[in-house]
Structure formats: structure tokens, C-alpha cells
Amino acid sequence: MTRSSVHIVLVEDNAPDVMMVRSLLADLDLAIRLDVHGDGEEILTYLKDLEDNTEPCPDLVLLDLNIPKSSGTEVLHWIRKSTRCGKLPVVLLTSSQSPKDRELAEQLGVSHYFCKPTDLDEYMKLGSIVTEVLSQIGRRVED
Amino acid sequence: MFGLGDAVMTVSLGEISATIHEDDREEFARRTVAALDPSGDGLLAMDFRLVGPTIELRWVRLRGQVSFEGAEGEPRPIRGVLAALDITTEKAAEVALRVSEQRFRQLADTMPQLVWSTRADGYTDLYNEKWYEYTGLPYEALEGVRWTAVIHPEDLPGLAERWQQSLRTGELYEAEARYRRYDGVYRWCLVRATAILDEGGRVERWFGTSTDIHERKRLEVDLRRANRDLESFAFTASHDLQEPLRNVAIYGQLFKKRYGTEVDALALEYLGYMIEGVQRMSELVRDLLAYTQAGDLDSDTLPVVSAENVLEKVLQDLRLVLTTSRAVVTHDPLPMISMKEVHLHALFQNLIANALKYAKDGLRPVIHVSASLEDAHWQFAVRDNGIGMSSEYHEKVFGIFKRLHKKGSKYSGTGIGLAICQKTIERYDGRIWVDSTLGEGSTFYFTVPEQQVAIDS
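Protein sequences, first through last, are from chains G and S. Residues in the first sequence are numbered consecutively from 154, following the working numbering. Residues in the second sequence are numbered consecutively from 1434, following the working numbering.
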């Protein structure tokens, strides 16, 4: 099955942050299908369903560490343990600059650890990070 | 030793009596008369003291048997056989033992702990005064193995096992258990006992103490809870507090971007204050979090790190700033020290970043790092040629969020760096201070004990 757009999954519960991500992804020259899951339960259900069916894995997961009904680290653990989508690139979104969180993320393997800034221009850089990660996995689709 | 007749005995008795210690004479006389009495068994047994020709006292054990003879129901003593033995040495040993026991008792009763002693088989035959005071029980309720009634039922099995183990092997006995006090309250105690060996190396006796450690235990529990609370607070601080701050900051900027041309300059100024305000708050929250986590020692062993290597890493991290300011950083040979790398890293980073930040206008920053051994401590010094500070601020500068320059001045920052340094150093039982004159640079000193003691878990 061929797809014409990049499939990105965003796990984030803070509405303003969701809007920001939508907006900066829209600025990129890519056809993107964005799925948003607002809590740990939603995303884990989605991932478990993926294990059982034949749908292709998403191309990228943007994962916030601080989500209700679970935790970003638990979701990350789950993704990495998955037989189908274990190697899926994950960009961690967080408000935390705590070295402990960073260490844990490194251990579990993330493509990028993005600390959400209070400066607008810095925040927009998430867009180029996404482009970079996608190009690394060879997903550059012109619409 | 000598055979006696009546007359001879009288004389001898008198003679003997004269040599006997005056305190024992009466008893001697009494017993002799009793021995000579035909209605008795004629046995004479007594230990008494002789005052010999020299001043020294001797103990004599006298054993004798008087024989009676006589017809027509009127027996009379006719012969006595006596044996006298010098038992001075024996007696001295007995006395010494008694004195020693008395001293031990005195010591045991003075100690604030509960002191006890058992035979080699574990039968407790000695308790000090404190035992009775503490448990409110008399000896009869505690002797032998009855003391088990005082131990909390949940702790008894574990304790009994350790005790049995020690009884078998002779090794040091140590356990923690709750003891029931006279008022029925259970309190944590630390029990320790060592074996006393005889000449053959066999266990002869056990001596032990039980110490009330209830307060200490309670502090431990409180501390653990406080640390757990601090960890959850730290998590909240990093995520939940930052989110709303970020919302305001980012959308303030988005508003400015999108609607900025539709409002006047004053409106933009107001907007600017709002955005700066929450950005500042976000920095403060971040730094406060860093402060609470500063000097975190979550493991028992302290690694040994090369201060030179750590300094090099810090200079690498700061290379951009170093290049733009054209700063020169030099150092003397630096030692290996016992500290977590991240902590030493934070110390050097804060001090050098400050030295760069508070440089004099137009003067190339020159920074020098050195270390010397003073009084079993490594004393590090970070010297700069910057703006310095007057002595009234030498202590204040280590306060949390304490800054010496206005917000918005060219010297930015939240004022947490030195507070973090101080908290970190204090965790290592070291000190940090500054020597500085306004206009003439500053030297920051910090000390680390040469040998760190490993922390018991």
C-alpha cells in the first residue's frame, strides 16, 4: 500500500502546544497526516491495535513526557518493545531540562530531545528537527 | 599436724587465738568450744585470718576432728587432729573476683543502655538497672529466655534467628527490634553483643547492650518521606508549572506576530512586559528546580574524578563564550578528588561563567584556577580580573536569587548559580567563600575534604 503523505503521531494534552505543532508542521512543505492522542490510554490503545493489524507504522512520533493516564517514558518503553514498530523514530517533547529525564531518554533511544522553549523562534525550530528526522528515514514526499 | 591434750590445747588455743585476726577470734573461740563439746560431732572447720610475724595478712583453712572417749556416758575430748592450710592466694583471687564483679555492676548500672549478660548457652543471668527501669519488669520475669516477651512479636523471629546464629558460631550479634517499654509503647532498639572467650578460645559468656534508637529511626522515616515529596515536587515543577507559563509566552509572541501591526506602540510595550514576565518566571522555576536537585547524592559510593578533566570539559562547553569574549583561562595542576562529576562540573561551570559575565568593560577576562592542600582539604580557587564586589556583599551573594545588579542590566541571570554551588559544596562537608574588592576582581574559593567517608545506606 503506498501512501502519499507522511504519517505523524502527536502525543500531547496541552491544547496550545497542539496548535503550535499543527501550525509549524503546516509551514513545512510536506503532506502530513497528523493524529493527535491526548493521553497515555489513547496512545497505548492505538499502539496495541497496531501490533495486531497490518496497518503500517507511523513515520514519526512526537511524544510529550508529561501526559495524563500514563507517562511519556512508559509509552516510549512500549514503543521500543513493540515487535512491529520498535524502531520507530521518536522525538521527545518536554518542559523538563532535568538531566535524569534526558538520561532515561538516551537509554531508550530517541531521535531528538526537544525542550519546549518560551521563545517563539526557538519553538519554531521543531519544524526543522522534524524535517531532519524524516529525511534520515528517507521520507521526503512532495505533494 | 599436732596431737592435743586438754591442757596443751588450752595453751595452744590461747597461743593460736593471739595470732588470729581480732575480727575472727570470737568466731574461732565459739567453733572450738562447739567442737570440743562431746554432744556435738567434734568437727572443726573454719577459714580465718592470721596476723603473721610480718604485717601481711594470711588466710588459713583449719579442718579438724576431735575424738571423744569416756565411759559411763561422760565422754570427754581426748584427742584432736587438725590440719591447717594457707589459702591466702585463693582468698585473694576470690576477693579480686568479687571486686571485679562489683565494678562491672557499677559500670553496667551507670550506662544509659540496657546491659545484659548470658551464659554460653544463651541463658540470661544478668541485667543492669536500666533493664528493670525500661521494661518495668523484675528479674524473675526476665531471667533465662523470658526476655523474649519484651520483643515485638513481628521482630522476634528475625531476632531469634540472628541470636541463635551467634550462639552457634560465636560471631558478633547485632539486630534491630522493637522493645516494649514499661508504659506498653514499643520502641526501636539496637541490640549488640560480643562473646567473651576463655583461654581455650571457647565462648564463656556473652555481654550485650540494647540501645533505644527510636528517635533516630523516626528521623530516618521522615527524611525518606521528605525526599520522596521533594522528588514529586521536582517533577511537578519541571512540567506542570512550565506549561501554563509557556502558553502565555508563546501565544503572547504569536499575538504580537499576527496582530502587532494593528496595535499602537504602547500596546506592544505592554505585551512585551507580559511576555518577559512569564519568560522570567519560567527561568526562575527552572533554576529553583535545579537548586532543589543540587548536590543530589543518590548513591553510596563516591567516585574519584580528575578535576583537570572536568575543567577541560567545562571549558569545552563554554568555548563559544570564551571565544567571543577572548578570555584567557589558565590552571595549575589540579588533583583527583572524591566527588560526583556532575557536581564538580556544575561548580566550575557556574564560577567560570560568572567570571566571564562579570568581566570589566573593555578588559580581556583573565581567569586562573588553582588548588592547594590545606588541613586535609583541597582548596580550589577561581580568580578573575572582573568588576569585583564590595565586602558587604561577600556573603549575600550566595543567597538564592540574590543578585547585585538590576534586572535588565547587562548582567543577566536569576542569581541561583552561587546558591547552587553552596548547596552542592555543603553536601560534601566543604565550604565556599569569596575574596573580592570592588573594581579589582574576585577570587572564589571552595574546599573539598581530601578523603570522603563513604555514606552508609
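Glycine included, each C-beta is placed from N, C-alpha and C at the ideal position. All values derive from a computational prediction rather than experimental measurement.
Presumed contact (8 Å Cβ cut-off) between residue i and residue j, rounded CB distance
i	j	result
Tyr-1826/S	Lys-1790/S	In fact, because the Cβ distance is near 16 Å, the residues do not count as touching under 8 Å.
Leu-1755/S	Val-1747/S	Contact doesn't hold; Cβ gap of about 10 Å is too wide.
Val-171/G	Leu-163/G	7 Å
Asn-173/G	Ile-1800/S	Checking the sequence shown, residue 173/G turns out to be Met, not Asn. No, Met-173/G and Ile-1800/S are not in contact; Cβ-Cβ is about 41 Å, not under 8 Å.
Glu-1637/S	Ile-1646/S	That belief does not hold up - the Cβ atoms of Glu-1637/S and Ile-1646/S are roughly 29 Å apart, past 8 Å.
Leu-1483/S	Arg-1491/S	5 Å
Pro-1882/S	His-1810/S	6 Å
His-1585/S	Arg-1625/S	Wrong, their Cβ atoms sit about 18 Å apart, outside the cutoff.
Leu-279/G	Phe-267/G	6 Å
Lys-1856/S	Ala-1727/S	4 Å
Met-1707/S	Gly-1685/S	6 Å
Ala-1804/S	Leu-1767/S	5 Å
Gly-1513/S	Gln-1498/S	7 Å
Ala-1723/S	Ile-1858/S	Actually they are not in contact, since the Cβ atoms of Ala-1723/S and Ile-1858/S sit about 15 Å apart, beyond 8 Å.
Pro-1798/S	Ala-1760/S	4 Å
Ala-1814/S	Thr-1725/S	About 28 Å; that fails the 8 Å criterion.
Val-1802/S	Ile-1770/S	No, Val-1802/S and Ile-1770/S are not in contact; Cβ-Cβ is about 13 Å, not under 8 Å.
Arg-1458/S	Ser-1450/S	6 Å
Val-1681/S	Val-1711/S	4 Å
Chain-ordered chain G contacts of residue i [CB-CB under 7 Å]
i	result
Ala-1682/S	Thr-271
Glu-1427/S	Nothing about residue 1427/S can be read from this structure; chain S reaches only from 1434 to 1890.
Glu-1719/S	Note on residue identity: the sequence assigns Arg, not Glu, to residue 1719/S. Going along chain G in sequence order, the residues near Arg-1719/S (Cβ under 7 Å) are Gln-250.
Which residues DSSP lists as bridging residue i, in chain order
i	result
Thr-1763/S	His-1801/S
Arg-1713/S	Arg-1713/S pairs with nothing; no bridge assigned.
Asp-1519/S	Val-1493/S
Pro-1590/S	BP columns for Pro-1590/S are empty, so no partner.
Ser-1771/S	Val-1737/S
Thr-1644/S	Leu-1623/S
Trp-1900/S	Residue 1900/S lies beyond the range of chain S shown here (1434 to 1890); nothing can be said about it.
Asp-1480/S	Arg-1494/S
Ala-1608/S	Val-1624/S
Thr-1880/S	Gln-1812/S
Phe-1501/S	Pro-1510/S
Arg-1458/S	Answer is none; Arg-1458/S lacks a bridge partner.
Asp-188/G	Val-162/G
Leu-216/G	Val-164/G and Leu-245/G
Arg-1601/S	In DSSP, Arg-1601/S forms no bridge with anything.
Neighbouring residues, chain G, relative to residue i (Cβ below 9 Å)
i	result
Glu-1695/S	Those do not exist, as Glu-1695/S stays about 18 Å from chain G at its closest Cβ, beyond 9 Å.
Asp-1662/S	Under the 9 Å cutoff, chain G gives no residues; its nearest Cβ is about 17 Å from Asp-1662/S.
Interface partners of residue i on chain S, CB under 9 Å
i	result
Tyr-276/G	Arg-1679, Ile-1683 and Gln-1686
Ser-251/G	Ala-1667, Phe-1668, Ser-1671, Leu-1722, Ala-1723 and Gln-1726
8 Å Cβ cut-off: residues of chain S touching residue i
i	result
Asn-147/G	The structure shown does not extend to residue 147/G, since chain G is modelled only from 154 to 296, so the question has no answer here.
Leu-218/G	His-1672
Neighbour list for residue i in chain S, Cβ cutoff strictly below 7 Å
i	result
Ser-257/G	The residue you asked about is not Ser; residue 257/G is Leu in the sequence shown. Ordered by position in chain S, no residue passes the 7 Å Cβ test against Leu-257/G, which lies about 12 Å from the chain.
beta-carbon residue i near the ligand GTP non-hydrogen atom, thresh 7 Å
i	result
Glu-1604/S	Looking for the ligand GTP in the displayed structure turns up nothing, as the structure carries no ligands at all.
Within chain G, partners of residue i - CB distance below 8 Å
i	result
Val-1711/S	Thr-271
Ser-1715/S	Thr-271
Problem - Stretch pair the segment 1656-1674 of chain S + the segment 236-253 of chain G: three plus CB contacts closer than 8 Å - result: Yes, since at least three Cβ pairs between the segment 1656-1674 of chain S and the segment 236-253 of chain G fall closer than 8 Å, the two stretches touch.
Practice task
Tell me, please, whether the segment 1555-1563 of chain S touches the segment 1581-1594 of chain S by the rule of three or more beta-carbon pairs shorter than 8 Å.
Solution key: Not touching, per the Cβ criterion.
Handout entry: Start-end ranges of the beta strand (DSSP E) lying completely within the segment 1532-1585 of chain S, minimum 3 residues
Key = As for any beta strand (DSSP E) of minimum length 3 sitting wholly inside the segment 1532-1585 of chain S, the runs are 1547-1552 and 1557-1560, ordered along the chain.
Practice task
Count the C-beta pairs between the segment 230-245 of chain G and the segment 263-277 of chain G that are closer than 8 Å, then say yes if the count reaches three, no if not.
Solution key: The segment 263-277 of chain G and the segment 230-245 of chain G touch, with three or more beta-carbon pairs separated by less than 8 Å.
Problem - Runs of alpha helix (DSSP H) lying entirely within the segment 1656-1711 of chain S, each at least 4 residues, in chain order - result: Within the segment 1656-1711 of chain S, complete alpha helix (DSSP H) segments of at least 4 residues are found at 1675-1692, given in chain order.
Exercise for the section: Indicate whether the contact test is met: 3 or more Cβ pairs, each with one atom in the segment 224-235 of chain G and one in the segment 1692-1705 of chain S, closer than 8 Å. Expected result: These segments do not touch.
Handout entry: Entirely enclosed beta strand (DSSP E) segments - the segment 1801-1876 of chain S, minimum 3 residues
Key = Listed in chain order, the beta strand (DSSP E) runs fully inside the segment 1801-1876 of chain S are 1810-1816 and 1865-1869, counting runs of at least 3 residues.
Practice task
State whether the segment 200-220 of chain G contacts the segment 1705-1718 of chain S, with contact taken as three or more CB pairs (one from each stretch) at a distance under 8 Å.
Solution key: Short answer: they don't touch.
Handout entry: Touching by the beta-carbon criterion (3+ pairs, under 8 Å), the segment 1860-1874 of chain S and the segment 1815-1824 of chain S
Key = Segment contact: the segment 1860-1874 of chain S against the segment 1815-1824 of chain S, three or more CB-CB distances shorter than 8 Å; contact assigned.
Exercise for the section: Scan the segment 249-286 of chain G and note each continuous alpha helix (DSSP H) run of 4 residues or more that stays entirely inside, going in chain order. Expected result: List check, alpha helix (DSSP H) in window: 252-261 and 273-277.
Handout entry: beta strand (DSSP E) runs contained entirely in the segment 226-252 of chain G, provided each spans 3 or more residues
Key = Complete beta strand (DSSP E) runs here, min 3: 243-247.
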